[in-house]
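One structure is given below, encoded as structure tokens.
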Amino acid sequence: MEEVRIQTDDLMEVTRTVAKLAHGRIADGRLDLNVLLDQANDNMEMAFVAYGDGNMAFAAASAAQAASCALLVAVTLRRVSKDIPPVQEMN
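Each residue of the sequence shown is one higher than the one before, counting from 559 in the numbering used here.
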């Protein structure tokens, strides 16, 4: 396994990208849980293949897409576990 060093700025930049992608999915209404799970899986597979091929830019973009799906899955499951209606906003 290849060890990498991650700096705080890297984490902040990727987090912003993932949040932006998640907001885009929300705006587009792409929030079906099964679809999100499938897309997270598909994007991680694409990231893995691209990484193996040496296409790091595509691998990073695919991983960010997968992370945005995973983030929305986590938020959805959190809301379901707390029995929060879909339209109710938390303050």
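We put the CB at the ideal spot given by N, CA and C, even for glycine.
Burial state of residue i (16 or more Cβ within 10 Å)
i	result
residue 651	There is simply no residue 651 to check, as the chain begins at 559 and stops at 649 in what is shown.
residue 562	exposed
residue 594	buried
As assigned by DSSP and simplified to three states, the class of residue i
i	result
residue 613	coil
residue 568	helix
residue 584	helix
residue 574	helix
residue 636	helix
residue 591	helix
residue 641	coil
residue 560	coil
Proximity of residue i and residue j at Cβ, strictly below 7 Å
i	j	result
residue 630	residue 580	yes
residue 628	residue 598	yes
residue 575	residue 622	yes
residue 615	residue 609	no
residue 591	residue 634	yes
Of the residues the options, the one placed nearest residue i, counting alpha carbons only
i	options	result
residue 701	560, 588, 572	Missing from the structure shown is residue 701; the chain here goes from 559 to 649 and no further.
residue 602	626, 564, 592, 582	626
Cβ-heavy atom distance, residue i to the ligand FAD, below 6 Å
i	result
residue 616	The model on display carries no ligand, and the ligand FAD is accordingly not part of it.
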